[in-house]
């Protein structure tokens, strides 16, 4: 009995380093049921081309390490089914945009996290171990704002999808500003004055033009657009009150 | 620019936008009505000449636009032409003043 | 480093942004011409009338309709932005606002054109 040929997928994978010599290389990969884009990349690296560099970790949609550009849009490859995105049996996989390419599908995330720090993305404690637990009412308006934005795992998809990041090299970006917003609404945080100054400068929240690609692409359904609008309101109120 | 300066620019942009929203609504309605059957100088000047209400309206309109447009152009220049910094800011300030001057001249032309 | 490209820009908010920016730019460039044209009245009613008659050519009339559309579009987009920034963003609402803004702008331009011709 002759087994039917497996259906094949043509995959264009971006290869190259940071020297501008990158180009797409085509591989032919067999289709499988419930195949994800990460499955495809792994198959290529294991069976066809061991020189292919790529990042992954949990492979179950929790860590965000596998974020890449798939058919022009930044996605978690472990949570992207080939069936959903392969337009006419063809797939295009490239590294995340707006970040320096280390090699092939791997990008240098340092700028992303440096901006996180620049935006004041760290909690500044005010209590010590001798104090009682802080009481934060979950239904309070401030805590609701935090809860709506806190689930960010720093995957970089929003940063890679934002045109302002591409147009303004110093722009802090949606993830860093989103994290700053959660801390600005955290009643326990003691760094809110400095952080507001950090995020309201010329490469901060005011550079957002509500293109909302970040909100469109976020795999955790967060809305950095809303967080950044919140920062704009906060900065405006502070200026009008003479506090900024 | 500092956080305070950038926030003030943002506030000026939004405040002038709110003023312009009202002015533009009036302006659009006026244009749509006035242009009926063709527009002549008499149509325009008959409405505006010697009328303090129109004078005040257009003066406010010009002031708001002179604030709003340069701030927008500054953003576009910084993002699409990579032109930013003190020099650029000074240029846009001059543009704002220039718009205000030629705008007031235009208002004077039709109300005096 | 690579840039995101046009496939990444296929959502309503991006088009709203682009229309808003391009219309603002066009209006800002048009404004000095507008002020100059009205300033012609300083030289007298006849000078303004001369200019207005010059604008009755088909290409210029079409440009006037386009300008009205750009003005209405910039206003509508601006109102949507003010809503997002001051009232807030709740997932689906801003997408419908884009549609509303587009509709309003089109309505204004068409009414103007109707009156013009």
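Protein chains in written order, with the working numbering: chain A, 2 to 245; chain B, 2 to 113; chain C, 14 to 130. Ideal placement from N, C-alpha and C gives every residue a C-beta, glycine not left out.
query	result
Can you list the residues of chain C that residue 103(B) reaches, using a CB-CB cut of under 8 Å?	45, 48, 49, 52
I need the straight-line Cα distance from residue 67(A) to residue 39(A), nearest angstrom please.	7 Å
Where DSSP assigns a beta bridge to residue 77(A), which residues make up the other side?	68(A)
Just confirm the distance between the C-beta atoms of residue 15(A) and residue 105(A), as a whole number of angstroms; I'd bet it's less than 8 Å.	7 Å
Determine the burial state of residue 111(A): buried for a count of at least 16 other Cβ atoms within 10 Å of its Cβ, exposed for fewer.	exposed
Relative to chain B, which residues along the stretch 157-177 of chain A have a C-beta separation below 8 Å, given in chain order?	165, 168, 169
With a threshold of 7 Å between beta-carbons, can residue 70(B) be considered close to chain C, or not?	yes
Under 7 Å between C-beta atoms, does residue 217(A) make it to chain C?	yes
So if I threshold CB-CB distances at 7 Å, which residues from the stretch 2-36 of chain B count as touching chain A?	2, 3, 4, 5, 7, 8, 9, 11, 12
If contacts are defined as beta-carbon pairs under 8 Å, then residue 207(A) and residue 8(B) qualify, I think. What distance do you get, rounded to the angstrom?	7 Å
Looking at chain C, is there any beta carbon in it that lies within less than 7 Å of the beta carbon of residue 73(A)?	yes
Taking the straight line between their C-alpha atoms, what separation do you get for residue 107(A) and residue 111(C)?	36 Å
Below 7 Å between beta carbons: does that hold for residue 71(B) and residue 108(B)?	no
What do you get for residue 140(A), buried or exposed, if any count of 16 or more other CB atoms within 10 angstroms of its CB means buried?	exposed
If the cut is a Cβ gap below 7 Å, which residues of chain B does residue 128(C) touch?	33, 36, 37
Using a threshold of 7 Å, state whether the C-beta atoms of residue 69(B) and residue 17(B) are closer than that.	yes
Runs of 4 residues minimum, wholly inside the stretch 100-161 of chain A: which ones carry the alpha helix (DSSP H) assignment?	111-119, 142-150
Could you check whether residue 53(C) and residue 46(B) sit closer than 7 Å to each other, using their CB atoms as the reference points?	no
Determine, using beta carbons only, whether residue 86(C) comes closer than 7 Å to chain A.	no
What does residue 92(C) reach in chain B if we use C-beta pairs closer than 8 Å?	22
Just to make sure I have the definition right: I need the residues of chain B whose C-beta is within less than 9 Å of the C-beta of residue 23(C). Which are they?	Correct list: empty, because the minimum Cβ distance to chain B is about 21 Å.
Within a Cβ cutoff of 6 Å, which residues of the same chain sit near residue 161(A), ignoring the five residues on either side of it in sequence?	75, 97, 98, 99
Could you tell me the distance, in whole angstroms, from the CA atom of residue 66(C) to the CA atom of residue 39(B)?	10 Å
Under 8 Å, with one C-beta from each stretch per pair, do the stretch 120-138 of chain A and the stretch 46-53 of chain A reach the 3-pair mark?	no
Look up residue 210(A) in the DSSP assignment and say whether it is helix, strand or coil.	coil
Could you run through the stretch 30-41 of chain C and flag, in chain order, every residue whose CB is less than 9 Å away from some CB of chain A?	30, 31, 33, 34
Ignore the nearest five residues each way along the sequence and tell me which others in residue 79(A)'s own chain have a CB closer than 7 Å to its CB.	37, 39, 57, 60, 61, 62, 67
Which residues does DSSP list as the beta-bridge partners of residue 92(A)?	12(A)
If contact is defined by three or more beta carbon pairs under 8 Å, each pair taking one atom from either stretch, is the stretch 18-28 of chain C in contact with the stretch 82-93 of chain B?	no
Measure the Cβ-Cβ separation of residue 67(B) and residue 101(B) and say whether it is below 7 Å.	yes
Could you say which of 189(A), 166(A), 114(A), 94(A) lies nearest to residue 154(A) if we only look at CA atoms?	114(A)
Here's the rule: buried if 16 or more other CB atoms are within 10 angstroms of the residue's CB, otherwise exposed. What is residue 242(A)?	exposed
Taking only beta carbons into account, state which residues of the stretch 114-132 of chain A come closer than 9 Å to chain B, listed in chain order.	none
Going by C-alpha distance, which of 15(C), 73(C), 118(C) is nearest residue 92(C)?	118(C)
Go ahead and label residue 22(A) buried or exposed: buried means 16 or more other beta carbons lie within 10 angstroms of its beta carbon, across all protein chains shown.	exposed
Identify which residue in 232(A), 42(A), 19(A) has its Cα closest to the Cα of residue 143(A).	232(A)
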